[in-house]
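K.L.:
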Amino acid sequence: MILFLSFLVVFSTAAQQTGKGKPATGAQDRQVWVKALYKISYPVVYNLANETLKKKMPLETGPEYALNLKSVTYLEAVGRTMAGIAPWLALPDDRTEEGKMRKEMRTLLLKGLKNAVNPKSPDYLNFRTEGQPIVDAAYVAQAFIRAPEALWEPLDKETKARFVEEFKSLRDRSGAYNNWLLFSGLTEGFLLSIGEQYDPARVQFAVNKMKEWYVGDSWYSDGEKFSMDYYNSYVIHTMLVDLEKILADHKKAPVSDYDQALKRMVRYSEYLERIISPEGTYPAYGRSVTYRTAAFQALAQTALLEKLPAYVKPAQVRCGLTKVIQNMFTGDQNFDDKGWLVLGFNGHQPAIADYYTSTGSLYMATLGFLTLGLPADNEFWTGPAAAWTSLKAWTGQEVVKDYKVAY
Numbered sequence: 007m008i009l010f011l012s013f014l015v016v017f018s019t020a021a022q023q024t025g026k027g028k029p030a031t032g033a034q035d036r037q038v039w040v041k042a043l044y045k046i047s048y049p050v051v052y053n054l055a056n057e058t059l060k061k062k063m064p065l066e067t068g069p070e071y072a073l074n075l076k077s078v079t080y081l082e083a084v085g086r087t088m089a090g091i092a093p094w095l096a097l098p099d100d101r102t103e104e105g106k107m108r109k110e111m112r113t114l115l116l117k118g119l120k121n122a123v124n125p126k127s128p129d130y131l132n133f134r135t136e137g138q139p140i141v142d143a144a145y146v147a148q149a150f151i152r153a154p155e156a157l158w159e160p161l162d163k164e165t166k167a168r169f170v171e172e173f174k175s176l177r178d179r180s181g182a183y184n185n186w187l188l189f190s191g192l193t194e195g196f197l198l199s200i201g202e203q204y205d206p207a208r209v210q211f212a213v214n215k216m217k218e219w220y221v222g223d224s225w226y227s228d229g230e231k232f233s234m235d236y237y238n239s240y241v242i243h244t245m246l247v248d249l250e251k252i253l254a255d256h257k258k259a260p261v262s263d264y265d266q267a268l269k270r271m272v273r274y275s276e277y278l279e280r281i282i283s284p285e286g287t288y289p290a291y292g293r294s295v296t297y298r299t300a301a302f303q304a305l306a307q308t309a310l311l312e313k314l315p316a317y318v319k320p321a322q323v324r325c326g327l328t329k330v331i332q333n334m335f336t337g338d339q340n341f342d343d344k345g346w347l348v349l350g351f352n353g354h355q356p357a358i359a360d361y362y363t364s365t366g367s368l369y370m371a372t373l374g375f376l377t378l379g380l381p382a383d384n385e386f387w388t389g390p391a392a393a394w395t396s397l398k399a400w401t402g403q404e405v406v407k408d409y410k411v412a413y
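Using the numbering used here, read the sequence shown as starting at 7 and increasing by one per residue.
1) With Y414 as the anchor, note down where its alpha helix (DSSP H) starts and where it stops.
2) Taking 8 angstroms as the cut-off, decide whether the C-beta atoms of L4 and L347 are in contact.
3) My output table needs one value for G379: the three-state DSSP class, helix, strand or coil.
4) Using only CA atoms, which one of A30, L95, W394 lies nearest to E276?
5) Following the continuous alpha helix (DSSP H) through G222, name the residue where it begins and the one where it ends.
6) With DSSP collapsed to three states, give me the class of L161.
7) When DSSP labels each residue in this structure, what does V405 get in the three-state scheme?
8) May I ask you to report which of helix, strand or coil DSSP gives S367?
9) Start and end of the alpha helix (DSSP H) containing P320?
10) On the DSSP letters alone, give me the boundaries of the alpha helix (DSSP H) that P289 sits inside.
11) Going by the CB atoms, is the gap between R108 and L119 shorter than 8 angstroms?
12) By DSSP, does S18 sit in helix, in strand, or in coil?
13) What is the residue span of the alpha helix (DSSP H) that M63 lies within?
14) Just to confirm, does G195 get its C-beta within under 7 angstroms of one of the non-hydrogen atoms of the ligand NAD?
15) Considering Cα atoms alone, identify which of S47, A33, V40 is closest to K433.
16) With distance defined between alpha-carbon atoms, name the residue in Q355, S364, A357, K319 nearest to P390.
17) Taking the straight line between their C-alpha atoms, what separation do you get for E155 and G32?
18) How big is the Cα-Cα spacing for P49 and Y291?
19) Counting only the same chain and skipping the five closest in sequence on each side, list residues whose C-beta sits under 6 angstroms from that of W400.
20) Taking the DSSP output, what are the residues bridged to F341?
21) Check Y361 in the structure and name its three-state DSSP category.
22) Starting from W394, follow the alpha helix (DSSP H) in both directions and report where the run begins and ends.
23) With M234 as the anchor, note down where its alpha helix (DSSP H) starts and where it stops.
24) If I'm right that L349 touches T363 with Cβ under 8 angstroms, what's the distance once you round it to whole angstroms?
25) My output table needs one value for Y317: the three-state DSSP class, helix, strand or coil.
26) Would you call the region 79-95 and the region 129-147 in contact, with 3 or more CB pairs under 8 angstroms?
27) Is the distance from the Cβ of I242 to the Cβ of Y226 below 8 angstroms?
28) State yes or no: is the C-beta of G181 within less than 8 angstroms of the C-beta of S190?
29) Roughly how many whole angstroms lie between the Cα atoms of T58 and Y220?
30) Classify N214: buried if its beta carbon has 16 or more other beta carbons within 10 angstroms, exposed otherwise.
31) Mind listing, in chain order, the continuous alpha helix (DSSP H) runs of no fewer than 4 residues lying wholly within the region 232-266?
32) Keeping to the same chain, check which residues put their C-beta closer than 8 angstroms to that of F341; ignore five residues upstream and five downstream.
33) Thinking C-beta only, is N53 closer than 8 angstroms to K62?
34) What number of angstroms, rounded off, separates the C-alpha of K41 from the C-alpha of M334?
35) I'd like the span of the alpha helix (DSSP H) that includes R108, first residue to last.
36) Residue range of the alpha helix (DSSP H) that V141 falls in?
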């Protein structure tokens, strides 16, 4: 009886229960996701569209911040927000309340993207100096890769040409010898995907080093030495899978390379599902924990691709992530009084910020919402509420044992 009561307490996945003590429906869970993603991303998208991003966005940094803040933070906010909302914006228009929100967001972003690369706009974004734009240009490119018909194709010819020029301008710099290699690789991969001249050396170097840095059972080291953090999800699996897909589609690499990268991401997604506690929390360890729900990007992308392992039901991922999203974003602890994200993990905790973390950096959080790209009638959203792995384990239910893989 105690176990059963415990199960009921932590299994309520919506912001409020239905009033009858029943778990929330998938439709109610989706409302939680949409509301949170809209709340996070709207200030960035709205202000970029109205050429007030640089005027309105706060410039908060941690105590050890060491970058050229005004040269990098705005592109961080835009690129990271785009990459997270892109699959959602790729869904077709409809007359639902969500559909109206989605159309509004897409319309604003398309308007803002023209400003982002217009040298005459007060919100012209810096791609040309500093190392950090190598990172955030890649998130812009990833958004175009994830939603080409919604975000790239509608742009006018001049704006497209300007983005291409900005992406190519990054070639006069190099970044860190770690996951940063994928940023250059993916931006070049996007250029390949739209028929532009690309740098195959940057692409191949990124792919080759990731293969060398694979340490087993779905984990990549971040450079020559392994780092225990969430960068396998923030960057490595997701960008490598996207890049390998482009290379395979354009016959620049065998399909088997993409298949292997995808299998490894699927396996890694199992770890992410298992770390969601029965209460919908997860460990705040490693660098960049201020990226919050970006820790679950690889799980969200695996679910978006409908590649979850057979024993990991879509509904259990939905319910687990919904609980995490509620814990992070149902309240206002992670927002200032104007709706901008604040430095911290779950609250205003600036001391937890890294030397490269500013307000713009925080919009990586949107990357945990990729599964909103699945339509509302997909099994992910329609399946009956289900317990995630740690909830099953801690309430005495049958749990599939973990294992290791050799690929």
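Just so you know, even glycine gets a beta-carbon here, dropped at the ideal spot from N, CA and C. For clarity, every value in this text was computed on a predicted model and none was experimentally measured.
P.N.:
In this structure, then:
1) Nothing about residue 414 can be reported from this structure: the residues present for the chain run from 7 to 413 only.
2) In the structure as shown, the chain begins at 7 and stops at 413. Residue 4 is therefore absent and cannot be evaluated.
3) Position 373 of the sequence shown, counting from 1, holds the residue named residue 379. In this structure, G379 counts as helix in the three-state DSSP scheme.
4) Along the sequence shown, read from residue 1 onward, the residue named residue 276 stands at position 270. In terms of Cα proximity to E276, the closest of A30, L95, W394 is W394.
5) Translated into positions along the sequence shown, residue 222 becomes position 216. Careful: G222 lies outside any alpha helix (DSSP H), inside the beta strand (DSSP E) at 220-222.
6) As a working mapping, residue 161 is identified with position 155 in the sequence shown. In this structure, DSSP gives L161 a state outside helix and strand, which the three-state scheme calls coil.
7) By one-based count along the sequence shown, residue 405 stands at place 399. DSSP, reduced to helix, strand and coil, places V405 outside both helices and strands of the structure shown, so it counts as coil.
8) Here residue 367 refers to the residue found at position 361 when the sequence shown is read from its first residue. Taken through DSSP and simplified to helix, strand or coil, S367 comes out as helix.
9) Residue 320 sits at position 314 when you count from the first residue of the sequence shown. P320 -> alpha helix (DSSP H) spans 320-335.
10) Walking along the sequence shown from the start, residue 289 turns up at place 283. No alpha helix (DSSP H) holds P289; DSSP gives it neither H nor E.
11) Position 113 of the sequence shown, counted from the start, is the residue given in the question as residue 119. Position 102 of the sequence shown, counted from the start, is the residue given in the question as residue 108. Going by C-beta atoms, L119 is not nearer than 8 angstroms to R108.
12) One-based indexing of the sequence shown puts residue 18 at position 12. Confidence at S18 is low in this model, with a pLDDT of 43, below 50, so the placement of that residue should be treated as unreliable; the coordinate-derived value is given next. Coil at S18, not helix or strand.
13) Counting from 1 along the sequence shown, the entry for residue 63 is found at position 57. Where M63 is concerned, there is no enclosing alpha helix (DSSP H), given that its DSSP letter is neither H nor E.
14) What this structure holds is no ligand at all, so the ligand NAD is not there to describe.
15) There is simply no residue 433 to check, as the chain begins at 7 and stops at 413 in what is shown.
16) Counted from its first residue, the sequence shown places residue 390 at position 384. Of Q355, S364, A357, K319, the residue nearest in Cα terms is K319.
17) In the sequence shown, counting from the first residue as 1, residue 155 sits at position 149. In the sequence shown, counting from the first residue as 1, residue 32 sits at position 26. Using only the alpha carbons, I get a separation of about 27 angstroms.
18) For the purposes of this step, residue 49 is taken as residue 43 along the sequence shown, with counting starting at 1. For the purposes of this step, residue 291 is taken as residue 285 along the sequence shown, with counting starting at 1. So the two alpha carbons sit approximately 28 angstroms from each other.
19) Numbered from 1 along the sequence shown, position 394 holds the residue referred to as residue 400. Correct list, in chain order: P284.
20) As a working mapping, residue 341 is identified with position 335 in the sequence shown. L347, per the DSSP bridge assignment.
21) Residue numbering aside, residue 361 sits at position 355 when the sequence shown is read from its first letter. Residue state, collapsed to three classes: coil.
22) Position 388 of the sequence shown, counted from the start, is the residue given in the question as residue 394. For W394, no alpha helix (DSSP H) segment is defined, and its DSSP state is neither H nor E.
23) Counting from one through the sequence shown, the residue named residue 234 turns up at place 228. Careful: M234 lies outside any alpha helix (DSSP H) and carries neither H nor E.
24) Walking along the sequence shown from the start, residue 349 turns up at place 343. Walking along the sequence shown from the start, residue 363 turns up at place 357. Between T363 and L349 the Cβ distance is about 7 angstroms, and since that is below 8 angstroms, they are a contact.
25) For the purposes of this step, residue 317 is taken as the residue at position 311 of the sequence shown. Correct three-state label for Y317: coil.
26) yes
27) The residue given as residue 242 occupies position 236 in the sequence shown. The residue given as residue 226 occupies position 220 in the sequence shown. The answer is yes: Cβ separation under 8 angstroms.
28) Counted from its first residue, the sequence shown places residue 181 at position 175. Counted from its first residue, the sequence shown places residue 190 at position 184. It is a contact, given that the beta carbons lie within the stated cut-off.
29) On the sequence shown, residue 58 is found 52 positions in, with the first residue counted as 1. On the sequence shown, residue 220 is found 214 positions in, with the first residue counted as 1. T58 and Y220: Cα-Cα distance of roughly 43 angstroms.
30) One-based indexing of the sequence shown puts residue 214 at position 208. Burial call: exposed.
31) Within the region 232-266, the complete alpha helix (DSSP H) runs of at least 4 residues are 243-255.
32) Your numbering for residue 341 matches position 335 in the sequence shown. K45, L347, V348, listed in sequence order.
33) Position 56 of the sequence shown, counted from the first residue, corresponds to residue 62. Position 47 of the sequence shown, counted from the first residue, corresponds to residue 53. A contact, by the Cβ cut-off of 8 angstroms.
34) For this step, residue 41 is matched to residue 35 along the sequence shown. For this step, residue 334 is matched to residue 328 along the sequence shown. A direct Cα-to-Cα measurement between K41 and M334 gives close to 12 angstroms.
35) Sequence index remark: in the sequence shown, residue 108 carries index 102 (1-based). For R108, the enclosing alpha helix (DSSP H) covers residues 103-122.
36) Here residue 141 refers to the residue found at position 135 when the sequence shown is read from its first residue. Run containing V141: 138-152, per the alpha helix (DSSP H) assignment.
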